[in-house]
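S.K.:
Residue numbers (my numbering), protein chains in the order written: chain S, 61 to 249; chain H, 24 to 369.
1) Would you give the residue range spanned by the beta strand (DSSP E) that residue 130 of chain H belongs to?
2) Considering only residues of the same chain and omitting the five flanking positions on each side of residue 179 of chain S, which have a CB-CB separation below 7 Å?
3) Residues of chain S with CB under 9 Å from residue 63 of chain H, in chain order?
4) From residue 121 of chain S to residue 127 of chain S, what does the alpha carbon distance come to, in whole angstroms?
5) Residue 59 of chain H versus chain S: which residues are under 7 Å apart at the beta carbon?
6) For residue 132 of chain S, list the residues DSSP reports as bridge partners.
7) Whose CA, out of H:226, H:334, H:154, H:249, lies closest to the CA of residue 93 of chain S?
8) Name the DSSP bridge partner or partners of residue 152 of chain S?
9) Counting only Cβ-Cβ distances shorter than 7 Å, please list the residues of the segment 191 to 214 of chain S near chain H, keeping chain order.
10) For the segment 113 to 132 of chain H against the segment 91 to 104 of chain H, do three or more pairs of beta-carbon atoms, one drawn from each stretch, fall closer than 8 Å, so that the two count as touching?
11) Which of helix, strand or coil does DSSP assign to residue 154 of chain H?
12) Return the bridge partner residues of residue 219 of chain S from the DSSP annotation.
13) Please classify residue 27 of chain H: is it buried, with 16 or more other beta-carbons within 10 angstroms of its beta-carbon, or exposed?
14) Ignore the nearest five residues each way along the sequence and tell me which others in residue 89 of chain H's own chain have a CB closer than 8 Å to its CB.
15) What residues match up with residue 125 of chain H in a beta bridge as DSSP calls it?
16) Considering only their Cβ atoms, is the gap separating residue 172 of chain H from residue 156 of chain H smaller than 7 Å?
17) What distance in whole Å lies between the Cβ atoms of residue 188 of chain H and residue 355 of chain H, which are believed to be in contact at a cut-off of 8 Å?
18) Tell me, please, whether the CB atom of residue 347 of chain H is closer than 7 Å to any CB atom in chain S?
19) So, are the CB atoms of residue 117 of chain S and residue 220 of chain S less than 7 Å apart?
20) Would you kindly work out how many angstroms separate the C-alpha atoms of residue 150 of chain S and residue 331 of chain H, rounded to a whole number?
21) Would a C-beta distance cut-off of 7 Å place residue 238 of chain H and residue 182 of chain H closer than the cut-off?
22) Helix, strand or coil, according to DSSP, for residue 234 of chain H in the structure here?
23) Could you tell me whether the segment 160 to 171 of chain H touches the segment 71 to 84 of chain H, where touching means 3 or more Cβ pairs closer than 8 Å?
24) Give a yes or no on whether the minimum CB-CB distance between residue 333 of chain H and chain S is below 7 Å.
25) Measure from the C-beta of residue 94 of chain S to each C-beta in chain H and report whether the shortest distance is under 7 Å.
26) Tell me the DSSP secondary structure of residue 213 of chain S in three-state form.
27) Quick check: what's the CA-CA separation for residue 179 of chain H versus residue 176 of chain S?
28) Kindly list the residues whose CB is nearer than 6 Å to the CB of residue 160 of chain H, restricted to its own chain and excluding five residues on each side of it in sequence; keep chain order.
29) How long is the line joining the alpha carbons of residue 321 of chain H and residue 44 of chain H, rounded to whole angstroms?
30) Can you give the Cα-Cα distance for residue 245 of chain H and residue 65 of chain S, rounded to whole angstroms?
31) Taking the alpha-carbon of residue 69 of chain H as reference, which of H:51, H:86, H:56 has the nearest alpha-carbon?
32) Cβ of residue 269 of chain H within 7 Å of Cβ of residue 108 of chain H?
33) Assess contact between the segment 138 to 145 of chain H and the segment 28 to 43 of chain H, defined as three or more Cβ pairs (one per stretch) separated by less than 8 Å. Is contact present?
34) Quick one: does residue 329 of chain H have its CB under 7 Å from some CB of chain S?
35) Quick one: give me the first and last residue of the beta strand (DSSP E) that residue 245 of chain H is part of.
36) Going by C-alpha distance, which of S:161, S:110, S:114, S:157 is nearest residue 132 of chain S?
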């Protein structure tokens, strides 16, 4: 039969020759291989100091964006939660009070907004579903924690700080922007 | 008398400390060597290059919960690792760590006890070492531990025979059982004082000895007493905390001692080439010689690790075949050949 990889070998159970029974030539070959690797190039990436290059469209930890005036864009419509195949997103909506116009962009906002990072599969469907350009996936990694509860990220971790905006321009490629130019999404701008 | 006692006590403390220190850092280098041979970097977080890793490991061992199984024989369970550790440390007594230092006109030999039966002493102590493993494995009251212990004792007995015979050929050449004398015989300088190291006279004996040393230390490819893949953890399956640490430590001390023994018996001990031709004072030569010995030991320890991370484990029947049908006849042949050559040369 034709082998698929072309690398298969027929195994024959034969008596070992004297040299093979001595083991020593084989051991010599073996230790020469290991010593070559000993001085060879190491494959390790020393992670926190040294990071592997990631793709420009890498999908990491989410961010809830604010607009130019620092108001939260999210209006708690729930489309992200509906689109989420892993059911990782939950939220509760609340109505904007008078005097809160500098905090929230729309009359309705998310009072709580939680993403369970253990459930999330980082598919980016929430980003695609969002009509308000409020949620984006960034190139940040979700850090490790000691407990499961700590992986449920609330608004404190998700909403971007006013004074430290998070750049999501990599996610807004030309194709995405062209798509968003569609007049059906004009209310976002 | 007090002077003699202080000198011996200082020497004992120094050898004890150095042995423990080297055993400690062997664990670090074991992990480094393993990592390098597998294209990794190894521990590098505790201190620069991970140099504090052994300390962290030691603290971890002390902090771990200590479990004695309910059905274990409690006294023997505790004695096991103690015996393993004790016998491992005892063998260092007869090894000549250097020539002699001259301080205020008095000669201080760097060997704790120059027994005239030094080799026999080492063999006796190493043989007791198997009791540590036996007792520990039996007292655990666990079938895997017991299997590991049985394997350990069978393996040690099998390989001790070949090891002893390979040493007999060496003793025939040197004519003495004292390690101090054997080391001294290999020294010298250029000219009539020139002496070859024993490896030149006994290459086959050395091969047998080093293979048996691997088996005696339970190192790969002879680590059947532990063989994680078959026996969970072998004789120390039930051990935890510092008692497990003692077993691990005893293994590394054994490795260090057998490296020292091989360096002394076959590779000139504390002697190095041209030691008497450099025109240095006795004390300097002694210190350099001790350094040379430790360099040799380090190379042997590296060789132990090199082999461990190269070869897979023997199957049990292969191990026994190699010991009884391979090495034992070879060792006997070596003795005979040595005898013939000696008679021919006379």
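All C-beta atoms, glycine included, are put in the ideal place defined by N, C-alpha and C.
Bear in mind that the values here come from a model prediction, so they are computed numbers and not experimental data.
M.R.: In brief:
1) For residue 130 of chain H, the enclosing beta strand (DSSP E) has its first and last residue at 129 to 132.
2) Counting only Cβ-Cβ distances below 7 Å, and skipping sequence neighbours, we find 146, 147, 148.
3) Among the residues of chain S, those whose CB is under 9 Å from the CB of residue 63 of chain H are 102, 103, 104, following chain order.
4) Roughly 19 Å between the two C-alpha positions.
5) Neighbours of residue 59 of chain H on chain S, chain order: 98.
6) Its beta-bridge partners are S:126, S:164.
7) Of the candidates H:226, H:334, H:154, H:249, the residue whose Cα lies closest to the Cα of residue 93 of chain S is H:334.
8) In DSSP, residue 152 of chain S forms a bridge with S:172.
9) Cβ contacts with chain H: none found.
10) Between the segment 113 to 132 of chain H and the segment 91 to 104 of chain H there are fewer than three inter-stretch CB-CB distances shorter than 8 Å, so the stretches are not counted as touching.
11) Three-state DSSP puts residue 154 of chain H in a helix.
12) Under DSSP, residue 219 of chain S forms a beta bridge with S:124.
13) Of the residues assessed, residue 27 of chain H falls on the exposed side of the cut-off, its CB having fewer than 16 other CB atoms within 10 angstroms.
14) Once the five neighbours on either side are set aside, the close Cβ partners of residue 89 of chain H are 263, 264, 265, 266.
15) Its beta-bridge partners are H:130.
16) With respect to the 7 Å criterion, residue 156 of chain H and residue 172 of chain H are classified as neighbours on the basis of their beta carbons.
17) Right, the Cβ-Cβ distance comes to about 6 Å (below 8 Å), so this counts as a contact.
18) Interface criterion not met: the Cβ of residue 347 of chain H is under 7 Å from no Cβ in chain S.
19) No, the Cβ-Cβ distance between residue 117 of chain S and residue 220 of chain S is not below 7 Å.
20) So the two alpha carbons sit approximately 53 Å from each other.
21) Yes, these two residues count as a Cβ contact at 7 Å.
22) Residue 234 of chain H falls in the helix class under three-state DSSP.
23) By the C-beta criterion, the segment 160 to 171 of chain H is judged not to be in contact with the segment 71 to 84 of chain H, since fewer than 3 inter-stretch pairs fall below 8 Å.
24) Judged by the 7 Å Cβ criterion, residue 333 of chain H is in contact with chain S.
25) Yes - at least one Cβ of chain H is within 7 Å of the one on residue 94 of chain S.
26) Residue 213 of chain S falls in the strand class under three-state DSSP.
27) If you take the alpha carbons of residue 179 of chain H and residue 176 of chain S, they lie about 56 Å apart.
28) Counting only Cβ-Cβ distances below 6 Å, and skipping sequence neighbours, we find 168, 169, 171, 172, 258.
29) Residue 321 of chain H and residue 44 of chain H have their C-alpha atoms roughly 13 Å apart.
30) C-alpha separation (whole angstroms): 35 Å.
31) The residue with the shortest Cα to Cα distance from residue 69 of chain H is H:51.
32) Going by C-beta atoms, residue 269 of chain H is nearer than 7 Å to residue 108 of chain H.
33) Three or more Cβ pairs closer than 8 Å define a contact, and the segment 138 to 145 of chain H falls short of that threshold against the segment 28 to 43 of chain H.
34) Yes, because at least one Cβ of chain S sits closer than 7 Å to the Cβ of residue 329 of chain H.
35) Segment: none, residue 245 of chain H is in no beta strand (DSSP E) and carries neither H nor E.
36) It is S:161 whose Cα lies nearest to the Cα of residue 132 of chain S.
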